[in-house]
Each structure stands twice: as structure tokens, then as C-alpha cells.
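Some notes on the structure that comes next.
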Amino acid sequence: MEVCHFSHKHWLTLCAMDDSGKPCRACSRPIYDYAYVCHNCGFHLHKKCAKLPQTIHHHLHPKHPLTLHFNSSKAFECSICNKTGSGFTFRCCECEYNMDVTCFLKNQPCLNPPLREGKMRKLLHFSHHHTLTLCYLTQQNKRKCSGCQQQILGPAYCCKDCKHPFTLDKSCAQLPRQKEHPFHPSHSLTLYKKSPYGEQRAVCDACKKTISGFVYHCDKCSFDLDLVCATHTPSLKHEKHDGRLTFFEEMNCQVLCNSCGKSCSNNLYRCVSCNFNVHSTCLPFPSTFKHKRHPHSLILKDSSPKDNPSGISCAECEKKISPKARAYYCAECSYGVHLECLVSEDQPDLGKLLGDMAKDIDVIATQLKPCQGGARCNCHSVETGQRICNTEDVSTSRYASRRCNCNLSSRMG
1 MEVCHFSHKH WLTLCAMDDS GKPCRACSRP IYDYAYVCHN CGFHLHKKCA KLPQTIHHHL
61 HPKHPLTLHF NSSKAFECSI CNKTGSGFTF RCCECEYNMD VTCFLKNQPC LNPPLREGKM
121 RKLLHFSHHH TLTLCYLTQQ NKRKCSGCQQ QILGPAYCCK DCKHPFTLDK SCAQLPRQKE
181 HPFHPSHSLT LYKKSPYGEQ RAVCDACKKT ISGFVYHCDK CSFDLDLVCA THTPSLKHEK
241 HDGRLTFFEE MNCQVLCNSC GKSCSNNLYR CVSCNFNVHS TCLPFPSTFK HKRHPHSLIL
301 KDSSPKDNPS GISCAECEKK ISPKARAYYC AECSYGVHLE CLVSEDQPDL GKLLGDMAKD
361 IDVIATQLKP CQGGARCNCH SVETGQRICN TEDVSTSRYA SRRCNCNLSS RMG
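FYI, full-length UniProt numbering numbers position 283 of the sequence shown as 283, with every residue one higher than the one before it.
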């Protein structure tokens, strides 16, 4: 990703940095993650510094707006901390007032907990019978979100009337009640605060994991999505399938790979609505690739490099790359990109490679058996709890794996 920034005459490229901690020209602090870099003259900016607003209205200088300036050589004194430095400053020329980047980031109102009682926002949410109040949770009073079941640190909506406090993080509180999703294109999904099946827990039809907390549900088809899968968007185009596929690091059941015919439950690309599945290792990506947005060649690896065992963020989508997932990495500067982020409209050569395997892909017939025609399929039957074929309509033109009873359409073979 390249940007043209007001502070520099050359284009800047987003790159993953090593552990050397090169200084940012905006705030002078070391950079250890991603930076916008000029490969011509060694100019570096923190990713967050490159995205600073040009003009702000700040509560520490309410008289006039502050404008972002870049002083490459001329030193200035910050009006807040009284330190002398160079780089970016939010400046009021009329008052000779300067605020350096560090003080700007430290003094944003939203980063100053706790929130004052008189200014707390109220929320009436469908999932709870009391009014929720916006508060700030710290390590000392952190709680679990009733929506996603994850621990909350930071802003959250809390109920002060319940004995066992009901809490929602801001993202769960702002989820839409109705949602159109590509995993279930035939109907819209409705957000439920708990399983729509009473005492029986819902199972996510994308990853097959049991759902605790909020669930997106289709009443007509008994289709369910957990909140994690509801954020996924199909991104990879495969020659043997009309739609795009989504990467799943882990599933809670075995499915059949439409390429090699073997079972898989992790590191796969999947079409949820059609149950089309492919091992990531079955996709014919080249071992090396030259990305136009990075100066070095990228190498295909089956897991994170040893110097980044916990994984790094994708330079394209900015989401973390799973340490166990295949991805392209740069050995020189810890730069990484998801496979699906490279196969896009602007990478036709790499995308074309996925079509080369189409002529040789066939489902292994001995692993398949005909489904019972006309059966109702949801993978997990609500009435019996037993697994049945995972499709809306089962006809004699569809087959199911003996190993896991998951459906496969003959149109995909």
C-alpha cells in the first residue's frame, strides 16, 4: 500500500519493520511493527502517525483549531510537556501553541478513563431490560461481554441495576439487528441474545462450533452464525467454484476437500453455503512471488517465521495472520500477506494459477454415498441433535461423505 503524504516528497510504502527500532520522523519514537517507508531516502513514519488528522479541535487549546505541521530540522517546544523536539506538531500559529504527537495521543478525551458520571451515555439495547451506561473497564474491574463472551478492557456498556452485571463491549452493542451475509444469501439473519432453540445451544453453520452469547439466526432455514464468523467475508476465487471462498483456521468437524478427497478440519478455504472445501495446501500457489507493493520477493511458508512465532499482521488487510496458516512472508523485513489478500483484482497472474488445477480435480467416488432425496438438511438437526447433510435441499444429484455426512454437490465435481 502506497500513500502520498504531505510531510515527504516521495511516495511512502507500508512495510513491516524489524526489531532495530528505527525512529519515526513524526514522533521520534522507535518503530517495531508497521511503518510507511520511503525506499529512496530512508524516511519512516509510524502507521498511526501517517494517519494523523490535518486539523483538530482540542480541549487543551479550545480557542483555535490546531494544524498539523512538519518541522524536519527546526526545533519546537511542546506547550504541554515543555520538551524540545522536531517532527510533527499540532500548531496554533496565532497563539504560538505547539502540541507534539506524544502529548496529542496521551490527551485524547476518549483515552482518559474513567469517564465522568455526568457525561456517561445511556443505551437501551434489545438484549437487556435495563438501561445500559457507558463506562470504562480496567484490569481491576474487567468483565466478560455478554455478546461475544470475551473479556473487556476499555469502553463498555454496563448495567448498574443487576446483581450479576450485564455488560456489552461497544462493538457488540453496535451490531445490526438484521444482517445480510454472503454465507446465507437467500435470507437475512436476525441477531438473537441467546440460542433460539431453548435449552439446546446453537451451532455455527460456518465453523461448526457451539455458540455462546449472541447468534445471528435465520428462522426460515435454522441457519446460525457466531459473531466471529459473521465478520468473515469470502475473498478467494477458485476456478472450480462460482463464488468466493473464506479461510477458516479451525473447524469443529471434518469436511471433505474437493481437491484431494481427504478430510480436513483446519487451515482450509470454504464456501459455507455450498459446503465447498479446499485444503490451503491443495491450492497451487508459487513458492516465491514478487509483490508490486513490496521491494523484496515473498516466500510461501506453511507457518509463521521463527522470529515471529506468534504471527504478524497482514500488510494488506491489517488483520493478524494465524501462526499456523500458509502465507507469503519476506525474510528480510518480517513483512507478511494472506494468500487471499494477494489473489485480488490487481493480481491477475497469481489468481490465474488457481485455475490450473481445475482439470484434475474430481471427488473420490469411493468416499461418497448418495444422500436420501428430499431430506431436510442443517448438518445438526434441531429435533434430534444428529448430524445430517449440510444443504437446504438434498436431491439425487448430491452426495455426502461417509466420514462426516457433510454434503457435496455433484455440480462442484
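Don't be surprised by glycine CBs; every beta carbon is placed ideally from N, CA and C.
Could you tell me the distance, in whole angstroms, from the CA atom of residue i to the CA atom of residue j?
{"i": "cysteine 271", "j": "tyrosine 197", "result": "25 Å"}
{"i": "histidine 10", "j": "histidine 61", "result": "33 Å"}
{"i": "lysine 74", "j": "isoleucine 56", "result": "22 Å"}
{"i": "histidine 5", "j": "cysteine 148", "result": "38 Å"}
{"i": "leucine 14", "j": "cysteine 314", "result": "11 Å"}
{"i": "lysine 179", "j": "cysteine 41", "result": "47 Å"}
{"i": "lysine 290", "j": "leucine 300", "result": "11 Å"}
{"i": "proline 65", "j": "proline 53", "result": "12 Å"}
{"i": "isoleucine 31", "j": "alanine 331", "result": "18 Å"}
{"i": "tyrosine 328", "j": "isoleucine 80", "result": "44 Å"}
{"i": "glycine 87", "j": "leucine 168", "result": "39 Å"}
{"i": "cysteine 317", "j": "arginine 244", "result": "17 Å"}
{"i": "glutamine 200", "j": "tyrosine 136", "result": "34 Å"}
{"i": "leucine 298", "j": "methionine 17", "result": "15 Å"}
{"i": "serine 280", "j": "aspartate 219", "result": "33 Å"}
{"i": "cysteine 159", "j": "lysine 122", "result": "10 Å"}
{"i": "histidine 58", "j": "asparagine 71", "result": "21 Å"}
{"i": "lysine 369", "j": "cysteine 257", "result": "Since pLDDT at lysine 369 reaches only 36, below the 50 mark, its modelled position is unreliable, and no value is offered."}
{"i": "glutamate 392", "j": "cysteine 221", "result": "Low per-residue confidence applies at glutamate 392: pLDDT is 34, beneath 50, and the placement is therefore not dependable, though the value from the model is reported in the following sentence. Their backbone Cα atoms lie some 7 Å apart in a straight line."}
{"i": "cysteine 78", "j": "lysine 47", "result": "22 Å"}
{"i": "cysteine 333", "j": "aspartate 19", "result": "9 Å"}
{"i": "cysteine 145", "j": "glutamine 174", "result": "13 Å"}
{"i": "arginine 91", "j": "proline 23", "result": "22 Å"}
{"i": "histidine 39", "j": "phenylalanine 76", "result": "28 Å"}
{"i": "leucine 227", "j": "leucine 189", "result": "12 Å"}
{"i": "threonine 84", "j": "valine 37", "result": "25 Å"}
{"i": "asparagine 266", "j": "threonine 288", "result": "24 Å"}
{"i": "serine 7", "j": "glycine 21", "result": "21 Å"}
{"i": "leucine 124", "j": "tyrosine 157", "result": "10 Å"}
For the beta strand (DSSP E) that contains residue i, what are its first and last residues?
{"i": "phenylalanine 104", "result": "No beta strand (DSSP E) contains phenylalanine 104, which is instead part of the alpha helix (DSSP H) from 101-106."}
{"i": "cysteine 172", "result": "Counting along the chain, cysteine 172 falls outside any beta strand (DSSP E), though it belongs to the alpha helix (DSSP H) covering 170-173."}
{"i": "valine 203", "result": "No beta strand (DSSP E) contains valine 203, which DSSP labels as neither H nor E."}
{"i": "cysteine 271", "result": "263-271"}
{"i": "phenylalanine 285", "result": "Element bounds for phenylalanine 285: n/a, residue is neither H nor E."}
{"i": "alanine 327", "result": "327-330"}
{"i": "leucine 224", "result": "Looking at the sequence itself, residue 224 is aspartate, so the reference to leucine does not match. That run of the beta strand (DSSP E) goes 223-225."}
{"i": "histidine 128", "result": "No beta strand (DSSP E) contains histidine 128, which DSSP labels as neither H nor E."}
{"i": "cysteine 253", "result": "244-256"}
{"i": "glycine 147", "result": "Where glycine 147 is concerned, there is no enclosing beta strand (DSSP E), given that its DSSP letter is neither H nor E."}
{"i": "threonine 190", "result": "189-192"}
{"i": "asparagine 141", "result": "First-last for asparagine 141: undefined, no H or E at that position."}
{"i": "glycine 154", "result": "154-158"}
{"i": "isoleucine 321", "result": "Unbroken run through isoleucine 321: none, as it is neither H nor E."}
{"i": "histidine 279", "result": "276-279"}
{"i": "histidine 296", "result": "Where histidine 296 is concerned, there is no enclosing beta strand (DSSP E), given that its DSSP letter is neither H nor E."}
Where do the ends of the alpha helix (DSSP H) carrying residue i lie?
{"i": "lysine 47", "result": "47-50"}
{"i": "leucine 339", "result": "339-342"}
Using 8 Å for Cβ pairs, my map puts residue i next to residue j. What's the rounded Cβ distance?
{"i": "alanine 50", "j": "valine 101", "result": "So it is not a contact: roughly 11 Å between Cβ atoms."}
{"i": "lysine 193", "j": "phenylalanine 223", "result": "Between phenylalanine 223 and lysine 193 the Cβ distance is about 18 Å, and since that is not below 8 Å, they are no contact."}
{"i": "cysteine 282", "j": "serine 259", "result": "4 Å"}
{"i": "histidine 294", "j": "isoleucine 321", "result": "Rounded, the Cβ-Cβ distance is 15 Å, inconsistent with contact."}
{"i": "alanine 26", "j": "leucine 45", "result": "5 Å"}
{"i": "valine 249", "j": "lysine 319", "result": "It is glutamate, not valine, that sits at residue 249 in the sequence shown. 12 Å between Cβ atoms; not a contact."}
{"i": "leucine 236", "j": "aspartate 205", "result": "Rounded, the Cβ-Cβ distance is 19 Å, inconsistent with contact."}
{"i": "alanine 202", "j": "histidine 217", "result": "7 Å"}
{"i": "asparagine 252", "j": "lysine 292", "result": "About 38 Å; that fails the 8 Å criterion."}
Does any C-beta atom of chain D lie closer than 8 Å to the C-beta of residue i?
{"i": "glutamate 94", "result": "Annotation note: the requested chain D is absent from the structure, which comprises a single protein chain."}
Notebook entry, point to check: How do the region 229-244 and the region 149-165 stand: do at least 3 beta-carbon pairs fall below 8 Å, yes or no?
Noted result: No contact exists between the region 229-244 and the region 149-165.
Next item on the list: Report the residue ranges of all beta strand (DSSP E) runs contained in full by the UniProt domain "Phorbol-ester/DAG-type" (8-55); include only those spanning at least 3 residues, in chain order.
Entry: For the UniProt domain "Phorbol-ester/DAG-type" (8-55), whole beta strand (DSSP E) runs of length 3 or above, ordered along the chain, are 12-16, 34-38, 43-46.
Margin query: Under 8 Å, with one C-beta from each stretch per pair, do the region 130-144 and the region 88-102 reach the 3-pair mark?
Written below: The region 130-144 vs the region 88-102: no contact.
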